[in-house]
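Read in order, the letters of the sequence shown are residues 1 to 577 in the UniProt record's numbering. Note that CB positions come from ideal geometry on N, CA and C, so glycine has one too. One structure is given here, and the rest of the page talks about it.
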Amino acid sequence: MYLKSLYPDPPPNPPLLNAYLALSGRPDQAVWPDFTAHIEHHTGKTYSFKEVCKRINDLATALGAPTSLGGLGLEYTGGERIGIMSDNSSDYLLLAVACLKIAVPFVLISCYSTPFELRHALSLTKTTRLFVSPQYLSGVLPVATELGLPEDRIYFMNEDVSGKISIESLIRRVKEKQIPEENVRIVPKDTLGYLVFSSGTSGLPKAVMVSHGNVIYSLRQGVVLIEERLKLGNVPAPLTDDGIASSLAYLPMHHSAGFHTYCFRFFLGPSRLIIMPRWETQAVIEAIPKYKVTSLGFVPSLVQQLLTHPKIDQIDFSSVLAVTCGAAYLPREFLNKLVSLSPKEVNFSEGYGLSECTIAALFQPHPGILNGKGKDNVNATGILHPGMEARIVRENGTEADWDEVGELWLRGENVVLGYWDNPKANAETFVDGWLRTGDKFRVDKDQYFYFSDRAKDTLKVSGTQVSPMEIEEVLMSHPKKLIVDVTVAGVSGGRTEDEKVPRAWIVLSEAGKAVGASDAIRELEAWHQSNLSRYKWLRGGIEVVNEIPKSPSGKTMRRLLQDKYEKGVSQTRRSKL
Numbered sequence: 001m002y003l004k005s006l007y008p009d010p011p012p013n014p015p016l017l018n019a020y021l022a023l024s025g026r027p028d029q030a031v032w033p034d035f036t037a038h039i040e041h042h043t044g045k046t047y048s049f050k051e052v053c054k055r056i057n058d059l060a061t062a063l064g065a066p067t068s069l070g071g072l073g074l075e076y077t078g079g080e081r082i083g084i085m086s087d088n089s090s091d092y093l094l095l096a097v098a099c100l101k102i103a104v105p106f107v108l109i110s111c112y113s114t115p116f117e118l119r120h121a122l123s124l125t126k127t128t129r130l131f132v133s134p135q136y137l138s139g140v141l142p143v144a145t146e147l148g149l150p151e152d153r154i155y156f157m158n159e160d161v162s163g164k165i166s167i168e169s170l171i172r173r174v175k176e177k178q179i180p181e182e183n184v185r186i187v188p189k190d191t192l193g194y195l196v197f198s199s200g201t202s203g204l205p206k207a208v209m210v211s212h213g214n215v216i217y218s219l220r221q222g223v224v225l226i227e228e229r230l231k232l233g234n235v236p237a238p239l240t241d242d243g244i245a246s247s248l249a250y251l252p253m254h255h256s257a258g259f260h261t262y263c264f265r266f267f268l269g270p271s272r273l274i275i276m277p278r279w280e281t282q283a284v285i286e287a288i289p290k291y292k293v294t295s296l297g298f299v300p301s302l303v304q305q306l307l308t309h310p311k312i313d314q315i316d317f318s319s320v321l322a323v324t325c326g327a328a329y330l331p332r333e334f335l336n337k338l339v340s341l342s343p344k345e346v347n348f349s350e351g352y353g354l355s356e357c358t359i360a361a362l363f364q365p366h367p368g369i370l371n372g373k374g375k376d377n378v379n380a381t382g383i384l385h386p387g388m389e390a391r392i393v394r395e396n397g398t399e400a401d402w403d404e405v406g407e408l409w410l411r412g413e414n415v416v417l418g419y420w421d422n423p424k425a426n427a428e429t430f431v432d433g434w435l436r437t438g439d440k441f442r443v444d445k446d447q448y449f450y451f452s453d454r455a456k457d458t459l460k461v462s463g464t465q466v467s468p469m470e471i472e473e474v475l476m477s478h479p480k481k482l483i484v485d486v487t488v489a490g491v492s493g494g495r496t497e498d499e500k501v502p503r504a505w506i507v508l509s510e511a512g513k514a515v516g517a518s519d520a521i522r523e524l525e526a527w528h529q530s531n532l533s534r535y536k537w538l539r540g541g542i543e544v545v546n547e548i549p550k551s552p553s554g555k556t557m558r559r560l561l562q563d564k565y566e567k568g569v570s571q572t573r574r575s576k577l
């Protein structure tokens, strides 16, 4: 089955461009009021929109100007790649957009990274410089030293530390030395803009290559969505004192969803970001009425944390006009409770996206748009984003029929360049211009897509991809070589009914048997928790088995182990009733 988006196509990208030009300095922004654009909830710092734009340009100048003038002299043809490792902050947006302006690629690195994960990220991407929040420096330095990244190529974000180069000191240097402003560097549309990590279909996290053209096209898709919505009229005005829409920025900026929402889509219209370093339920429920927040973006696990807060029914949600949720399916009981928090009608929408298509591919349309084709269909994931094409493909490679489940393939100018330095994964995932998502969907005759299952082994935990193979490799790398075989798969136990958590089945080696099953499990638990971020931990447990079941071709038959585990859980529950 082949489908084309019901929306009008965004304008195609020209061959030469720079994503910065779609963000800052646009003619329409000249008539915007100079409103407060950034409020850092944790520091109290505020910046107007004009200040944000000026700071971006000064930082781009400091990065790109020749060293003879006081800049860092970064050239986009020089092989530089700038790592960003930080909690959410105003500086995060400044650095990303400044790098785009001078066409120097940057790398989004999780601030939760363990040494194992950081070593993989830096070595894979060959990061040449790193901007890091001061609180993470002690964990960064040993890995940087091991990989040969000099300490004088590590700079600070979010704080101005005496004697250290920081974003603030770089901006100050431009003013003090009166360095001439760097021009926008125009590049081919397929020029690498940034790298973001994704678990892809298997193995260690892969670095997704997002181009300048991908960024611009994804923004143009957003513009089409806004234009089609405005055709209906009756868009409620924000209840903020100055009439500027405001959003809480707590989704991690190192992840595609938070990064695009806060660092790029922020520029599409006058809007205010209330920036939080990370999600904290108490801080969120206090901030919503304080700042008269207009829109909220969630993943299901955050919805669950919000709704189970003991004071949730005492919070004033009357300013909230729009709520979005992505990354995984939101149970209907959570949805109903969420939208009921506001005394007036709230526009709720879900969607589906992945880093490999820059950000989004499917989104629930506002009822009534597209000449009535947009319907209130809460059971569907959504319809295709503007300018996108899709296929639903059976396992044998033929086209599926209406309402038949198959793998979703996507095509469009927002589909990325591929994976950095990974030809095998590229050959498996990007086929003749199509992106194989690894996710199973069905489509009805109104072109609404319904998520069915994940064809690939990757799990979604708290809205973030988790690769079972990455966990397996960490377990196998235990210095005592306690196991000879392992498989990891998702089992029940997440925050929502459909969320799975990782569980490992292991076969002990002779060394593991000598230690004993209980002690081996304890050692493996401590080992993987010290090497992997918390959301990747084996919350489903570790079980010793005599062998991992495999098919005649050698493929691991995880389903047998999963079904046996779930049957045991079900029997345990029944025995307690």
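With 16 or more other CB atoms across the displayed protein chains lying within 10 angstroms of its CB, Asn422 is buried. Scanning the stretch 385-469 for uninterrupted beta strand (DSSP E) segments of 3 residues or longer gives 389-393, 406-411, 434-443, 449-454, 459-461, 464-466, listed from N- to C-terminal end. Counting along the chain, Leu219 sits inside the alpha helix (DSSP H) bounded by residues 212-230. Three or more Cβ pairs closer than 8 angstroms define a contact, and the stretch 262-269 meets that threshold against the stretch 78-98.
Within the same chain, Cβ atoms closer than 6 angstroms to the Cβ of Ser256 are found at Val196, Ser355, Ile359, the five residues on either side in sequence being excluded. Around the beta carbon of Ser246, 16 or more other beta carbons sit within 10 angstroms, so the residue counts as buried. Separation of Glu280 and Arg539 (C-alpha to C-alpha, rounded to the nearest whole angstrom) is 21 angstroms. In the structure shown, Pro343 adopts coil according to DSSP, grouped into three states. For Gly353, the CB contacts under 6 angstroms within the same chain, skipping 5 residues up- and downstream, are Ile359, Ala360, Ala361 in chain order.
Cβ contact annotation for Tyr136 (same chain, cutoff 8 angstroms, sequence separation greater than five): Met85, Ser86, Cys111, in chain order.
Residue pairing by DSSP puts Tyr47 in a beta bridge opposite His38.
With distances taken between CA atoms, Pro115 lies nearest to Pro142 out of Lys126, Pro502, Pro142, Gly233. Here Tyr250 really is in contact with Arg278; their C-beta atoms are around 6 angstroms apart, less than 8 angstroms.
Here DSSP, grouped into helix, strand and coil, assigns Cys111 to coil. Between Ile171 and Ala62 a beta carbon distance of about 6 angstroms is seen, short of the 8 angstroms cut, so the two are scored as contacting. Within the model, the alpha-carbon separation for Lys206 versus Ser198 is close to 5 angstroms.
Taken atom to atom, the span from the alpha-carbon of His254 to that of Ala514 is near 42 angstroms. In this structure Ile226 is exposed. Its beta-carbon is surrounded by fewer than 16 other beta-carbon atoms within 10 angstroms. Beta-bridge partners of Asp485 (DSSP): Val507. By the neighbour-count criterion, in which a residue is buried when 16 or more other Cβ atoms sit within 10 angstroms of its Cβ, Val486 is buried. Per DSSP, reduced to three states, the secondary structure at Ser295 is strand.
Contact check between the stretch 364-377 and the stretch 408-419: fewer than three CB pairs, one atom from each, fall below 8 angstroms, which does not count as touching. Glu182 carries a coil assignment under DSSP once its states are collapsed to helix, strand and coil. Residues of the same chain with a CB within less than 8 angstroms of the CB of Arg119, apart from the 5 flanking positions on each side, are Val143, Glu146, Leu147 in chain order.
As for any alpha helix (DSSP H) of minimum length 4 sitting wholly inside the stretch 79-126, the runs are 90-101, 115-125, ordered along the chain. Taking a C-beta distance under 8 angstroms as the contact criterion, Leu268 and Val223 qualify as a contact pair.
Inclusion of Pro365 and Ile392 in the CB contact set at 8 angstroms is not warranted, their separation being larger than that value. In this structure, Tyr76 lies near Arg185, with their beta-carbon atoms less than 8 angstroms apart. Nearest to Leu100 by C-alpha distance, out of Lys164, Gly139, Tyr20, is Tyr20.
In the structure shown, the three-state DSSP call for Val174 is helix. The alpha-carbon separation between Val569 and Gly493 amounts to approximately 10 angstroms. Counting only runs of 3+ residues, the beta strand (DSSP E) found wholly inside the stretch 225-265 occupies 245-249, in chain order.
For the set Lys480, Gly490, Ala283, Trp420, the Cα lying nearest the Cα of Lys126 is the one of Trp420. DSSP, read as helix, strand or coil, puts Ala287 in helix. Taken through DSSP and simplified to helix, strand or coil, Met476 comes out as helix. At least 8 angstroms separates the beta-carbon of Ser301 from that of Phe317.
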